[in-house]
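To start, the structure under review is shown below, and the notes come after it.
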């Protein structure tokens, strides 16, 4: 009887051990953290959209919007002096008015300089904390206040990038551009498929359609790492010129953008993080007084935002 009890005890113990081993072997893995790590870039990285893609419950066209924009442009008698390119980030649906016409980019070209410098950081050739010094050739008082610091003033790479983008500072641009070889700067333009306006052999003009590709490359992280793409876009959300594209968009909606200003016109291009669908937008003007250009760009931006909100 005693042997029988011991046998039963050993059998039960064995079955219990087998049960726990079996359970452990099939233990569910902890749920992976699916929280988006970045705020400004696409979840669907590496998709450099430049054509239509069909997708359900998304913007597949901008029917009815172009006549509204053309009417507003007519009101300002600016039919030949404005270029617009608009594209949905998810489907590639787009709309253009003079989108292949060349316009003077002015300070819009500070974005590719930022891209080229951040590419060096991705390649460990520089760091955000590398200290740079202003030289006499860097001083430029045409835009920004950094020139007042004078020759010998030192800041980090990231500080110079902030001055160049947030205040559109020309001295900061010259300091950063000096860190780049022609090949390194050319690589940015080659990546997005447009001629380098800095090259003497090329036209200095840029089209609204072509320029939008710089912001696409950041949004889809096709040129920089996701970390630096996100960081670059985030800095462009706080520029000092918020009375162009931003003026036509509700304050709570995020917009990453860069403006360019000349005495005869303005441009503003970037990404609007519309709650329904993020979109790329670029509006360029020429031969137009600055106050008139400001009002027109703000009005067009508002028309576009409200039209997308109603879809």
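In my numbering, the protein residues as written are 262 to 572.
Ideal placement from N, C-alpha and C gives every residue a C-beta, glycine not left out.
Note that the structure is a prediction, hence the values are computed from the model and not measured.
Asked                                                                                                                                                                      : Found
So the alpha helix (DSSP H) residue 473 belongs to, where does it begin and stop?                                                                                          : 469–480
Comparing C-alpha positions only, which one of 505, 445, 462 and 529 sits nearest to residue 476?                                                                          : 529
What do you get for residue 235, buried or exposed, if any count of 16 or more other CB atoms within 10 angstroms of its CB means buried?                                  : Here the chain covers residues 262 to 572 and nothing more, so residue 235 does not appear.
Do the segment 338–345 and the segment 544–561 make contact, defined as three or more Cβ pairs closer than 8 Å?                                                            : yes
Who pairs with residue 483 in a beta bridge, going by DSSP?                                                                                                                : Answer by DSSP bridge pairing: none, since residue 483 is not bridged.
Looking at the strands, I want to know which residues DSSP matches up with residue 523.                                                                                    : 526
Between the beta-carbon of residue 562 and the beta-carbon of residue 510, is there less than 8 Å?                                                                         : yes
Residues bridged to residue 541 by DSSP?                                                                                                                                   : 348 and 532
Per DSSP, what kind of secondary structure is residue 374 in: helix, strand or coil?                                                                                       : helix
Return the chain-ordered list of same chain residues with a C-beta closer than 7 Å to the C-beta of residue 505, the five sequence neighbours on each side being excluded. : 520, 527, 529, 555, 558 and 559
Confirm the yes/no value for this check: CB of residue 347, any heavy atom of the ligand SAH, distance under 7 Å.                                                          : The ligand SAH is not among the ligands present in this structure, which contains no ligands whatsoever.
Provide the residue span of the beta strand (DSSP E) that contains residue 415, from first to last.                                                                        : 415–417
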